[in-house]
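Below you'll find the structure, written out as structure tokens, and then a few comments.
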DNA sequence: GGCTTGACTTACA
DNA sequence: CTGTAAGCCAAGC
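In our numbering, the protein residues as written are 7 to 113.
Written out as structure tokens, the structure reads:
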């Protein structure tokens, strides 16, 4: 019996993100649904609490617009941008990711 | 112990 | 395409 401990949302979210394969991306809403929450903000919040050093591929998480959730002038944007490009993700002229091609779902 | 904020989403105008 | 509104959970103060 998997008596899941409380606070599982965080754990679930992180666990889901960890399962994202290389070269794939997914949205906050998708993770939220898979993790079992109705609040995509928790996904962002969960990732926001991570430290710079983590096993979580947080950079593979983008918003529904197919863009990085950080401002283009933010340092996080640059880091995520580089990491994604490093995995073969291509950005279009508007810095958007065609996540319909790279989209990933746990099933 | 209660209110505010947050790396968001979806729907409607 | 842009803008506004509601939903929902956890952490921080």
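C-beta atoms are modelled at their ideal positions from N, C-alpha and C, and glycine is treated no differently.
It should be emphasised that the depicted structure is a prediction, and the values quoted were computed from it without experimental measurement.
- From the listed residues 62, 36, 66, the smallest Cα separation to residue 24 is found for 62.
- Here the alpha carbons of residue 49 and residue 32 stand approximately 12 angstroms from one another.
- Straight across, the Cα-Cα distance linking residue 97 with residue 34 is about 18 angstroms.
- Rounded to the nearest whole angstrom, the C-alpha separation of residue 68 and residue 104 is 11 angstroms.
- Beta-bridge partners assigned by DSSP to residue 97: 103.
- One alpha carbon belongs to residue 76, the other to residue 99, and they sit about 17 angstroms apart.
- Assignment of residue 39 by DSSP, reduced to helix, strand and coil, places it in the helix class.
- Separation of residue 15 and residue 60 (C-alpha to C-alpha, rounded to the nearest whole angstrom) is 18 angstroms.
- For residue 89 and residue 65, the gap between their C-alpha atoms comes out near 7 angstroms.
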